[in-house]
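Sequential numbering of the first sequence, starting at 48, is according to this note's numbering.
The beta carbon of each residue, even a glycine, is placed where N, CA and C say it ideally should be.
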Amino acid sequence: MPVLATWNVNSIRARLPLVLDWTERARPDVLLLQEIKTENAGFPELEFKAIGYNSLVVGQKSYNGVALLARAPIQPALTALPGAQDDAQARYVEADVAGLRVIGLYLPNGNPIGTEKFAYKLAWMERLIARTKTLLGQGIPFLMAGDFNVIPTDGDVYDAKAFASDALAQPETRKLWRSLLNLGLYDAFSLKHPGAQRAWTFWDYQAGAWPRDLGLRIDFILLSPGLADRLADCGIDREPRGKEKASDHTPVWCRLSEAAP
DNA sequence: ATGGTTGTTGGACAA
């Protein structure tokens, strides 16, 4: 019954004690991290090795950066999202772990709208759709998780009006999100908790968003059709968000049943 | 409330 989790940690070096503590208690088989905010050399691989995790790091100085940690050996597949010649932003990792294809991603924020940042976000989503089509076409079962920086519906934000001009909630953003899901992917949390309210995964550091529970649901675990049949449970663990020196995101996890023989 | 907070980095920029 493998457990997989995703967590935007907002700097792995600033967050290391908290992340190690959570990882040791939750014991996920695979942990996908986003916004590690360090080059590969600065990633604390030894600290994770000491608690039983291998790592595949796609780092970048100061910004972005993703990592895939796993208790089993990791066979790297991709360390960049295909479809751009010169994309210097470290936002994508794809690997096989224990016979399962796993993708960790940090989708561009895209603010403010009307800038090249927003255009980059939309183009990145188009590239993700293209990659997903390839995987589906090859019949590879996969799990795709991370910080998608998308507010899919008005129910995924504490105040839709406050985000009407935000890149995360634009009609173009939402349309591409639906195009991705409509390829046949399943949102693991929604499968297990249909109709859930205020299931936030992110609370801004500002304006008392956490104590007031003013959050967003922007971190997701998506499953390919075959894997959706194996989804046993899924949850959002709010506990780390309430700790000292917390990330502004909190982990989302799922448990899969064993593959059919 | 054109603010508020955190991280990287040593002044802005990103979120």
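Coil, strand or helix - residue i by DSSP
i                : result
serine 58        : coil
serine 102       : strand
arginine 72      : helix
leucine 238      : helix
alanine 114      : strand
arginine 277     : coil
arginine 302     : strand
threonine 213    : The question names threonine, but residue 213 in the sequence shown is aspartate. Aspartate 213 falls in the coil class under three-state DSSP.
phenylalanine 90 : coil
valine 204       : strand
Residue i, buried or exposed, once every other Cβ within 10 Å from all chains shown has been counted against 16
i              : result
methionine 172 : buried
leucine 115    : buried
methionine 48  : exposed
proline 272    : exposed
asparagine 55  : buried
glycine 157    : buried
glutamate 82   : buried
lysine 84      : buried
leucine 93     : exposed
arginine 60    : exposed
asparagine 229 : exposed
arginine 62    : buried
aspartate 201  : exposed
glutamine 217  : buried
Opposing strand residues paired with residue i [DSSP bridges]
i                 : result
glutamine 122     : Asp143
arginine 148      : Asp143 and Phe189
leucine 282       : According to the sequence provided, residue 282 is glycine. The question's leucine does not apply to it. According to DSSP, which records beta bridges pairwise, glycine 282 is partnered with Trp300.
tyrosine 233      : Leu270
phenylalanine 249 : Leu263 and His296
glutamine 81      : Asn55 and Val113
valine 389        : Any question about residue 389 goes unanswered here, given that the chain covers just 48 to 308.
Quick one: complete beta strand (DSSP E) runs, 3+ long, within the region 164-194? The qualifying runs are 189-194.
Touch check for the region 204-215 and the region 226-240: three-plus C-beta pairs under 8 Å? Touching, no, given that fewer than three Cβ pairs across the two stretches are closer than 8 Å.
Using 8 Å as the threshold, is the region 139-152 in touch with the region 243-256, meaning 3 or more CB pairs across them? Flag = no, the region 139-152 and the region 243-256 do not touch.
Three or more C-beta pairs closer than 8 Å, one from the region 48-65 and one from the region 145-164: is that the case here? When C-beta atoms of the region 48-65 are compared with those of the region 145-164, three or more pairs fall below 8 Å, so the two segments count as touching.
Does the region 189-196 come close enough to the region 150-162 to have 3 or more Cβ pairs within less than 8 Å? These segments touch.
Would you call the region 278-288 and the region 115-134 in contact, with 3 or more CB pairs under 8 Å? No, the region 278-288 is not in contact with the region 115-134.
If you pair each beta-carbon of the region 64-83 with each one of the region 94-110, do three or more pairs fall below 8 Å? Short answer: they touch.
Using 8 Å as the cut-off, can you tell me whether the region 258-266 makes contact with the region 239-248, which would need three or more C-beta pairs spanning the two stretches below that distance? As far as the Cβ criterion goes, the region 258-266 touches the region 239-248, which means the pair count is three or higher.
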